[in-house]
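If you want our numbering, it's the position in the sequence shown, counting the first as 1, plus 18.
For glycine and all other residues, C-beta sits at the position ideal for the given N, C-alpha and C.
The structure appears right after this line, and notes come after that.
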Amino acid sequence: MLSAGPSTAAALLVAAPGCGGEPEDAADVRCIEWPEELGACLDRRQAVEELRTIYPKCDDYIESVESDATERDGACCYEVTSRRNATYCGVPGRPFTLEGHRRTAVPRAADSGWLAHGKGTGPGGMAPSLAELTGEERETLADSWLRSALEEHASVASFARFALDLMALGAPSSLVEAAHIAALDEVGHARLGFSLASAYRGEPVGPAALPMPGGVPVAADLVSLARAAAEEGCVGETVAALMAAEQRTRAEDPAVRAALGAIAEDEARHAELAWLAVAWAIGAGGEPVRRAVAEVFEAAAVSLGRPLPAAAEPPRGRAAALAAHGHLGGAELRELPRTALAQVVLPCARALGLWRPAAAGGAVAPAASA
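This is the structure we're talking about:
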């Protein structure tokens, strides 16, 4: 059972439908900063080696490079295969996707203006305590928080586009306002993540430019908007809020606890926004929208039946040290999203009449790990 407090769960049981899980393996686009003076982009073999170097080392997150380079705004970009559920190692944020690919910036070893304000790294100017951490533990924590920060940084763009989607389809001002507020929240989350990553790393790190095409498409209709809000918000951010709350419960370092507490509270509001947006879309668009949302919930339920991949775990002492700084072990992080789906997301959808278990009267529970 998740140990998130009742206020977190209550904040999620608010309005209406949506949700969907990610496949274990997903297409993705990753970019490498590449000034003109460096000449031609790297080939696929060179690119996978470079990407594994510059991106946080979360259980070989980048599996392989599937395309030759495409040059975009001073970067070489590649389609890659990555293992998301099997490699998640940070606090999730709302993804920014284009043409089915998730986009994040490349990390840059410099202060790029994305560090938290004040003398410390967290809320209130606090910095994490490094005294009892080994070099390997600090590296793991730096990678974990950097991955989180890059996702939160991309979430700013995701909410900016969501606000445009809402306006393009005639949503009420309350939803548009909440989307803009959420984007500002994600700016704060990204600053916290980059600041903590910098503290554990011992030098400043931030994001390079976010790879962006000349034009970013908006949702074509209410079905598209509701499906995306369900997948990214009702599932993604509901799970994110509960996971951040769980990580905060386990954390001991004051700076990390403060950061995770702020993130969990904001993500709960973002999840609430998604449920409200989907409710509005169903009210405006009727049965086609409701069916699309129900399909997302069904996909989430089906994902619970898939066995989890095996996960290598750090030694007990090291695992405790990492958990004290907000990083949970591989198997635990693989199980938490499934538990959140089973205990919060799907029961909410069922209560709202948007999903039914396949077996009449059957309860949904996470599948046992392989």
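### Message
Buried or exposed for residue 153, going by 16 or more other Cβ atoms inside 10 Å?
### Response
Residue numbering aside, residue 153 sits at position 135 when the sequence shown is read from its first letter. Taking all protein chains in view, the Cβ of residue 153 is surrounded by fewer than 16 other Cβ atoms within 10 Å, so the residue is classified as exposed.
### Query
Do you know whose CA, among 197, 208, 188 and 200, lies nearest residue 168's CA?
Numbered from its first residue, the sequence shown carries residue 168 at position 150. Of all alpha-carbon atoms in 197, 208, 188 and 200, the one lying nearest the alpha-carbon of residue 168 is that of 208.
### Message
According to DSSP, is residue 170 part of a helix, a strand, or is it coil?
### Response
Translated into positions along the sequence shown, residue 170 becomes position 152. In this structure, DSSP gives residue 170 a helical state, which the three-state scheme calls helix.
### Message
Let me check one thing: in DSSP terms, what residues is residue 224 bridge-paired to?
### Response
Position 206 of the sequence shown holds residue 224. Beta bridge pairing from DSSP links residue 224 with 126.
### Query
On the three-state DSSP scale, how would you describe residue 198?
On the sequence shown, residue 198 is found 180 positions in, with the first residue counted as 1. Here DSSP, grouped into helix, strand and coil, assigns residue 198 to helix.
### Query
What's the call for residue 64, buried or exposed, on a 16-neighbour Cβ count within 10 Å?
Along the sequence shown, one-based indexing puts residue 64 at 46. Around the CB of residue 64, fewer than 16 other CB atoms lie within 10 Å, so the residue is classed as exposed.
### For residue 82, the three-state DSSP class (helix, strand or coil)
Start at 1 with the first residue of the sequence shown, and residue 82 comes out as number 64. DSSP places residue 82 in strand when its eight states are reduced to three.
### Task
Pull up the distance between the alpha-carbon of residue 320 and that of residue 67, whole angstroms please.
As a working mapping, residue 320 is identified with position 302 in the sequence shown. As a working mapping, residue 67 is identified with position 49 in the sequence shown. Distance between the alpha carbons of residue 320 and residue 67: 34 Å.
### Message
Distance check for residue 201 and residue 43, CA to CA, integer angstroms please.
### Response
Numbered from its first residue, the sequence shown carries residue 43 at position 25. Numbered from its first residue, the sequence shown carries residue 201 at position 183. Only weak support exists for where residue 43 lies, its pLDDT of 42 falling under 50; the coordinates are left without a value.
### Query
Of all the options 205, 179, 206 and 204, which has the alpha carbon lying nearest to the alpha carbon of residue 194?
The count along the sequence shown starts at 1 and reaches residue 194 at position 176. Considering only alpha carbons, the answer is 179.
### Query
Which residues does DSSP pair with residue 50 in a beta bridge?
Within the sequence shown, residue 50 is the residue found at index 32, counting from 1. According to DSSP, residue 50 bridges with 94.
#### Entry: Whole-angstrom C-beta distance between residue 53 and residue 126, which should lie under 8 Å
Here residue 126 refers to the residue found at position 108 when the sequence shown is read from its first residue. Here residue 53 refers to the residue found at position 35 when the sequence shown is read from its first residue. Rounded to whole angstroms, the Cβ separation of residue 126 and residue 53 is 13 Å, and the two are not in contact under 8 Å.
### Task
Could you tell me if residue 56 is buried or exposed, where buried requires 16 or more neighbouring beta carbons within 10 angstroms of its beta carbon?
Sequence index remark: in the sequence shown, residue 56 carries index 38 (1-based). Here residue 56 is exposed: its Cβ has fewer than 16 other Cβ atoms, across all protein chains shown, within 10 Å.
### Query
Using the rule of at least 16 other Cβ atoms within 10 Å of the residue's Cβ for burial, across every protein chain shown, is residue 234 buried or exposed?
In the sequence shown, counting from the first residue as 1, residue 234 sits at position 216. Exposed, because fewer than 16 other Cβ atoms sit within 10 Å of the Cβ of residue 234.
### Query
Is residue 120 helix, strand or coil by DSSP?
The residue you call residue 120 lines up with position 102 of the sequence shown. Here residue 120 sits in strand by DSSP.
### Pairwise C-alpha distance: residue 294 and residue 284
Taking the sequence shown and counting its residues from 1, one reaches residue 284 at position 266. Taking the sequence shown and counting its residues from 1, one reaches residue 294 at position 276. Computed Cα separation, rounded: 15 Å.
### Query
Is the number of C-beta pairs between the stretch 120 to 134 and the stretch 261 to 271 that are closer than 8 Å three or more?
Segments in contact, no.
#### Entry: Sequence-distant residues of the same chain with beta carbon closer than 6 Å to residue 288, five excluded per side
By 1-based counting over the sequence shown, the position of residue 288 is 270. Same-chain partners within the cutoff: 200 and 255.
### CB contact flag (residue 245, residue 176, <8 Å)
Locating residue 245 in the sequence shown gives position 227, where the first residue counts as 1. Locating residue 176 in the sequence shown gives position 158, where the first residue counts as 1. When the beta-carbon positions are compared, residue 245 and residue 176 stay at least 8 Å from each other.
### Query
In terms of residues, what are the limits of the alpha helix (DSSP H) holding residue 299?
What you label residue 299 is simply residue 281 of the sequence shown in a count that begins at 1. Counting along the chain, residue 299 sits inside the alpha helix (DSSP H) bounded by residues 272 to 303.
### Task
Consult DSSP for residue 99 and reduce its assignment to one of helix, strand or coil.
Residue mapping note: residue 99 aligns to position 81 of the sequence shown, counting from 1. Assignment of residue 99 by DSSP, reduced to helix, strand and coil, places it in the strand class.
### Nonlocal neighbours in the same chain, by C-beta distance under 6 Å from residue 216, ignoring five residues either side
In the sequence shown, the residue the question calls residue 216 occupies position 198. Once the five neighbours on either side are set aside, the close Cβ partners of residue 216 are 222 and 223.
### Message
Considering only DSSP beta bridges, list what residue 89 is partnered with.
### Response
Translated into the one-based positions of the sequence shown, residue 89 becomes position 71. The partner list for residue 89 (beta bridge, DSSP) reads 94.
### Message
Can you look up residue 115 in the DSSP assignment and give me helix, strand or coil?
### Response
As a working mapping, residue 115 is identified with position 97 in the sequence shown. Residue 115 falls in the strand class under three-state DSSP.
### Task
Please go through the same chain and pick out, in chain order, the residues whose beta-carbon is closer than 7 Å to the beta-carbon of residue 231, but skip the five residues on each side of it.
One-based indexing of the sequence shown puts residue 231 at position 213. Within the same chain, residue 231 has close Cβ partners 116.
### Query
With 16 other CB atoms within 10 Å as the buried threshold, where does residue 190 fall?
For this step, residue 190 is matched to residue 172 along the sequence shown. Burial state of residue 190 is exposed, judged by a 10 Å Cβ sphere holding fewer than 16 other Cβ atoms.
### Query
By a C-beta neighbour count over all protein chains shown, 10 Å radius and 16 as the cutoff for buried, is residue 211 buried or exposed?
The count along the sequence shown starts at 1 and reaches residue 211 at position 193. Around the Cβ of residue 211, a 10 Å sphere holds 16 or more other Cβ atoms; the residue is buried.
### Query
Mind checking whether residue 362 and residue 253 have CB atoms under 8 Å apart?
If you number the sequence shown from 1, residue 362 lands on position 344. If you number the sequence shown from 1, residue 253 lands on position 235. No; because the gap between Cβ atoms is not below 8 Å, this pair is not in contact.
### Task
Rounded to whole angstroms, what's the CA-CA distance from residue 323 to residue 238? Just pull it up for me.
If you number the sequence shown from 1, residue 323 lands on position 305. If you number the sequence shown from 1, residue 238 lands on position 220. Each residue's alpha carbon lies about 32 Å from the other.
### Query
In the structure shown, what three-state DSSP assignment does residue 366 receive?
Stepping through the sequence shown from its first residue, residue 366 is reached at position 348. Helix at residue 366.
#### Entry: Close-in-space but distant-in-sequence residues of the same chain around residue 188 (CB under 8 Å, 5 per side omitted)
Indexing the sequence shown from 1 puts residue 188 at position 170. So the list reads 302, once near-sequence residues are dropped.
### Query
Near residue 358, what residues of its chain come up, given a Cβ to Cβ distance below 6 Å and the 5 sequence neighbours on each side ignored?
Walking along the sequence shown from the start, residue 358 turns up at place 340. The answer, listed in chain order, is 257 and 260.
### Query
Are the beta-carbon atoms of residue 89 and residue 339 separated by less than 8 Å?
Translated into positions along the sequence shown, residue 89 becomes position 71. Translated into positions along the sequence shown, residue 339 becomes position 321. Taking 8 Å as the Cβ cut-off, residue 89 and residue 339 do not qualify as a contacting pair.
### Task
Count the other C-beta atoms from every protein chain shown that fall within 10 angstroms of the C-beta of residue 183, then say buried if there are 16 or more, exposed otherwise.
Your numbering for residue 183 matches position 165 in the sequence shown. Classification of residue 183: buried, given that the 10 Å Cβ count is 16 or more.
### Task
Check residue 150 in the structure and name its three-state DSSP category.
Residue mapping note: residue 150 aligns to position 132 of the sequence shown, counting from 1. When secondary structure is reduced to three states using DSSP, residue 150 falls in the coil class, being assigned neither helix nor strand.
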